[in-house]
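Quick notes on the structure that follows.
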Amino acid sequence: MSKQAREEKVLAQQLGGEGSHTYPDFDAMWLRIEADREQEQAPIAVERTKRTGFLHGRRLAFLSSIAFVIIATPVLASMSGRWDFTSRPGLEAALHQGFGQTLNKSVTENGVTFTVDSAMSDDNGTTLLYSFDPKDKQARKWGFSEVELRGADGEKIAQVEGGRAMKMNWDKGYYSHTWDSENKQYNGFFETPWTFSSLKTDVQFIVRGLQEYRDKRVPLNLDLSRNGIHTFPIKKDGIDALNIEVVDQGAEGVLIKSSLRYMNKQAVDIASPRIQVMKDGKLMKSESLVRVWPDADGVYESRDDYRWKDINQKGITFELDYLVEGQKIDGEWNVGTLNLNKEKALNASATRELNIPFETSFGTSTIRKLIIRPTGIRIEVETPNAYDDPIYKNTFLSINGRKLKGYMGLGDGNKLKPYTKTKTFLFDVPPDLRITPDTPMELMLQNEYESKSDYAQPVMLKNISGEKQTVITDIEGYPVKWTYYKANGKLYVETDSMDEQFVGVDQTYYEQEGEQILSSIIYFNGSTPTNKLNVFSNFEGTELELYIKIYHVWHPDRNLTLKLQ
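Residue numbers (UniProt numbering): 1 to 565.
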């Protein structure tokens, strides 16, 4: 499998269990619409991909309606108390310094008024701040069927569909909105890395279809003392049945694995299920949570970790929570032509040509540019090949004693190009940090991630059957546990390591008549990110020499501090 293909896979967690369980097609796993069940004020939002160097993109995060007061420019003043910039300090800083635009263009359709309030454009991307009023008296969960940004010539710039099709791809753009209890409306952001080469341009921002989502709750009589699979027939709202397995992990706590089967595609798209643990009617948060999108057979899976002392006490109850469709408001809301202008932002920008080489596990990379923009700082790095990524657990930009946490973007900031030799580190600049073109800066890269291939020593899998077998091997000094079994004509091989420096076995293969038979891969994510699941179809044997094709490690001793002068 190519590096490109590997990076396009969605991290997923698989439920182990009986042979009747099916396993998902990870190519079809999309990011769920996430409803915040812990806060009544939260409507629909979409998680941004986590701001770390390990995965491309940004974490789509809930934007809570926390009020604050900042006396600043007219644009920011109009936003104060209505939009929460907690996850967007760079945007707040740009608006605070007067680089945003006030648009205030509205349209009313089917009783709903939609407004594009403001815009912020620079070479880091384009953000539109919007609001809509469906005449709600209290918060509800609303999502758009489709959000679209078009150029003046009608050419599609970015399109985001509703439901689970809102993909975890920053290069496609995303939207998120929250309830404004004071003004009885919803305020949100639409963000895309797209930008325009000229100083000005005209666009159209169009939203279609408002769909409400409502919570449904099903009590579960789950007995923690009973081993094995617990089955709960649901038989409504497009959900067939729920299987739960409780795994005692000793001192590490208890793991609740769940597998839910759907009856129709509509439920797959909207249900967004979650096993909730309640203490005296209040939600108990898990230590970690992992979800997997439904596979072709309509199976959704999840995993929650809890501490025994928290979950094994009086007053604990369990329930299945999921979403169903509520009210639907058809229509298209298009406020007309929006005149975007980034002249002020670019006049306040600066670029340093650097050409600073540094060594990585895949060869010499070069820092080409440092670009200061009102919304943040961009550092462009050229790698030897398009699919080489300078990935580190921690990426910081040190400025005047302040350390700004960075994340990896895509492309060169001017085009939506996921795979180029130019890689980008992005840093939001808080409003209280003042930067000039000559401000000293240092790039801090900590704990490098390295991909390796074709490990020479095979792993022998013996007595392969429907029962799970386990063997532990040593890979470059790291202990790796292999759990394997057959089900539905397939061989499943799960790998894990308790050493967090070992990122995991990414792909395996066996040899047959001189050819490498490569596995399909299901990625795991959660409290043990070393988990991977390799799957071989049409396997009939009882023994196998298995080889490692690709594996990854972290290097805590590989740290760099580079002066950007």
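Using N, Cα and C, we set each Cβ at its ideal position, and we do this for glycine too.
None of the values given here were measured: they were computed from a predicted structure.
Residue burial classification, residue i (beta-carbon count within 10 angstroms, cutoff 16)
i           : result
residue 497 : buried
residue 557 : exposed
residue 93  : buried
residue 102 : exposed
residue 441 : buried
residue 86  : exposed
residue 475 : buried
residue 23  : Its pLDDT being 27, under 50, residue 23 is placed unreliably by the model, and nothing is read from it.
residue 390 : buried
Same chain, Cβ closer than 6 Å to residue i, neighbours up to 5 away in sequence not counted
i           : result
residue 90  : 375, 376, 428 and 429
residue 455 : 548
residue 200 : 341
residue 520 : 535
residue 274 : 321
residue 468 : 483 and 485
Straight-line gap, residue i to residue j (C-alpha atoms, nearest Å)
i           : j           : result
residue 560 : residue 505 : 26 Å
residue 420 : residue 403 : 28 Å
residue 84  : residue 95  : 13 Å
residue 114 : residue 253 : 48 Å
residue 224 : residue 323 : 26 Å
residue 338 : residue 425 : 30 Å
residue 328 : residue 143 : 10 Å
residue 137 : residue 214 : 16 Å
residue 256 : residue 371 : 46 Å
residue 542 : residue 244 : 29 Å
residue 228 : residue 272 : 25 Å
residue 212 : residue 147 : 16 Å
residue 234 : residue 307 : 28 Å
residue 539 : residue 317 : 42 Å
residue 554 : residue 133 : 48 Å
residue 534 : residue 453 : 16 Å
residue 180 : residue 188 : 10 Å
residue 312 : residue 221 : 14 Å
residue 401 : residue 438 : 15 Å
residue 219 : residue 552 : 42 Å
residue 457 : residue 385 : 28 Å
CA nearest to the CA of residue i, picked from the options
i           : options               : result
residue 242 : 173, 231, 396 and 236 : 231
residue 359 : 310, 446 and 193      : 446
residue 367 : 355, 373 and 361      : 355
residue 315 : 278, 344 and 503      : 278
residue 432 : 399, 424 and 325      : 399
residue 444 : 542, 508, 562 and 462 : 562
residue 154 : 481, 544, 336 and 408 : 336
residue 460 : 479, 484 and 452      : 484
residue 550 : 508, 260, 131 and 491 : 508
residue 436 : 266, 282, 312 and 352 : 352
residue 494 : 217, 502 and 480      : 480
residue 379 : 369, 386 and 488      : 369
residue 158 : 466, 349 and 193      : 193
residue 382 : 565, 266 and 422      : 422
residue 239 : 511, 319 and 262      : 262
7 Å CB neighbourhood of residue i in its chain, flanking five on each side removed
i           : result
residue 191 : 125, 127, 173 and 174
residue 332 : 109, 206 and 208
residue 156 : 148 and 150
Contacts around residue i, its chain only, beta-carbon distance under 8 Å, and the 5 residues preceding and following it disregarded
i           : result
residue 202 : 151, 152, 337, 338, 339 and 340
residue 472 : 479, 480, 481 and 482
Requested in this report: Write down every uninterrupted run of the beta strand (DSSP E) in the segment 227-286 whose length is 3 residues or greater and which is fully enclosed by it, in chain order.
Outcome: Listed in chain order, the complete beta strand (DSSP E) runs (minimum 3 residues) inside the segment 227-286 are 229-236, 239-248, 254-262, 274-279 and 282-284.
Report task. Any chance you could list the beta strand (DSSP E) runs of at least 3 consecutive residues sitting entirely within the segment 131-159, in chain order? Result -> Entirely contained in the segment 131-159, the beta strand (DSSP E) runs reaching 3 residues are, in chain order, 141-151.
Query raised in the report: Where are the beta strand (DSSP E) runs, 3 residues long or more, that stay fully inside the segment 303-375, in chain order?
Result: For the segment 303-375, whole beta strand (DSSP E) runs of length 3 or above, ordered along the chain, are 316-341, 350-360 and 363-373.
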